[in-house]
Every structure is written in C-alpha cells, then in structure tokens.
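> Dropping a structure here in structure tokens format, bear with me for questions.
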C-alpha cells in the first residue's frame with residue numbers, strides 16, 4: 063500500500079500520527095527511504111503540525127458531545143487526569159516555556175498531540191499555543207534529525 067504513495071506523503075502521514083509523530087517519520091525517511099535530511103525535516107514538521115489546530119479548535123466540541131456516553135466520559139476523565147498529572151506543575155508554573163520544553167523533548171507521549179491537549183486542558187490561548195507547539199516541534203525535529211544523521215555516520219564507520 064505505502065509503495066504507491068510518494069515518500070514525502072508517507073512521511074507527512076507518519077508525522078501526523080499520535081505518539082509516533084516526527085520521532086518516527088524522520089528515522090523512516092532517512093533510513094528506509096534514504097531521503098535528504100534537508101527535505102525530510104520541513105516535511106516532517108509540517109506533517110506533525112497539521113493536526114494541532116484541529117485539536118485546539120475542535121477537541122472541546124468533541125469532548126462535550128462524547129461525554130454524553132458513559133464509556134467516553136470515563137475515558138476523558140482518565141486521559142485528562144494522566145495528562146494533568148504529567149504536565150500540571152510545569153505548565154502552571156512556566157506556561158509557555160513549560161509547553162515548549164514538553165513538546166521539544168522527543169520521547170513517547172510528549173510532542174505536538176499531547177502539547178495541544180495540554181494547551182486545551184489548561185486553557186492557553188490559541189495562537190500562543192500554536193506558536194509554542196510549532197517551536198517545540200522544530201526543536202524536536204532538529205534533535206531527532208541530528209541523532210539519526212549521527213547514527214548513520216557511525217554506522218558507516220563500523
């Protein structure tokens with residue numbers, strides 16, 4: 063299936079996935095597709111940012127509608143509890159800087175999706191959240207790209 067899609071589109075689609083985001087798409091692009099890092103980086107960042115405005119704008123409506131059902135109500139309670147626990151002190155104290163660092167660290171369950179959810183939960187302003195998450199995604203992209211390029215260079219030395 064993925065063979066029929068151009069590599070840049072595959073990278074955008076992988077970057078849009080929650081949890082994986084650009085932390086997964088950049089290694090795939092550099093390793094499996096052997097793409098140029100200068101092309102991979104902006105494509106992965108764009109792909110990672112595509113869901114963010116939709117999460118910030120429409121998550122509240124989706125939550126309100128889905129909370130009518132008991133199973134979703136419990137799901138959102140647990141999701142928000144875990145997210146608040148993970149980010150509560152950092153975001154309340156440092157707000158923008160805390161969100162930036164949270165998104166910039168390329169680890170599982172950090173990134174643009176979780177950052178957008180945190181911005182929604184803490185009621186941060188839309189454009190401020192977009193800009194902060196964008197800067198965090200750029201930093202994470204640089205880190206992941208640098209690690210991948212360094213790893214590739216060491217692989218050739220072996």
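In this note's numbering, the protein residues as written are 63 to 220.
Glycine included, each C-beta is placed from N, C-alpha and C at the ideal position.
1. Which runs of the alpha helix (DSSP H), 4 residues or longer, sit entirely within the stretch 131-204?
2. Can you check which of these residues, 68, 67, 111 and 101, is closest to residue 191 by C-alpha distance?
3. Do the stretch 89-102 and the stretch 132-141 touch if we need at least three Cβ pairs shorter than 8 Å?
4. Identify whether residue 123 lies in helix, strand or coil by the three-state DSSP scheme.
5. Whose C-alpha, out of 127, 197, 131 and 184, is nearest the C-alpha of residue 155?
6. Quick check: what's the CA-CA separation for residue 84 versus residue 203?
7. On the criterion of 16 or more Cβ atoms from any shown chain inside 10 Å, does residue 178 qualify as buried, or is it exposed?
8. Which term fits residue 213, buried or exposed, when burial requires 16 or more other beta carbons within 10 angstroms of its beta carbon?
9. So, with DSSP's three-state summary, where would you put residue 74?
10. Residue 94 to residue 65, Cα distance in whole Å?
Here's the rundown:
1. Every alpha helix (DSSP H) of 4 residues or more that sits fully in the stretch 131-204 is shown, in chain order, as 132-156, 158-166 and 174-183.
2. If you number the chain shown from 1, residue 191 lands on position 129. It is 111.
3. These segments do not touch.
4. Position 61 of the chain shown, counted from the first residue, corresponds to residue 123. Residue 123 falls in the helix class under three-state DSSP.
5. In the chain shown, the residue the question calls residue 155 occupies position 93. By alpha-carbon distance to residue 155, the top candidate from 127, 197, 131 and 184 is 184.
6. The residue given as residue 84 occupies position 22 in the chain shown. The residue given as residue 203 occupies position 141 in the chain shown. Straight-line spacing of the CA atoms in residue 84 and residue 203 works out to 7 Å.
7. As a position in the chain shown, residue 178 is number 116, starting the count at 1. Its Cβ being crowded by 16 or more others within 10 Å, residue 178 is buried.
8. Numbered from 1 along the chain shown, position 151 holds the residue referred to as residue 213. Exposed is the call here.
9. Walking along the chain shown from the start, residue 74 turns up at place 12. Looking at residue 74 - three-state DSSP - the assignment turns out to be helix.
10. Here residue 94 refers to the residue found at position 32 of the chain shown. Here residue 65 refers to the residue found at position 3 of the chain shown. Each residue's CA atom was taken as its position, placing residue 94 and residue 65 some 12 Å apart.
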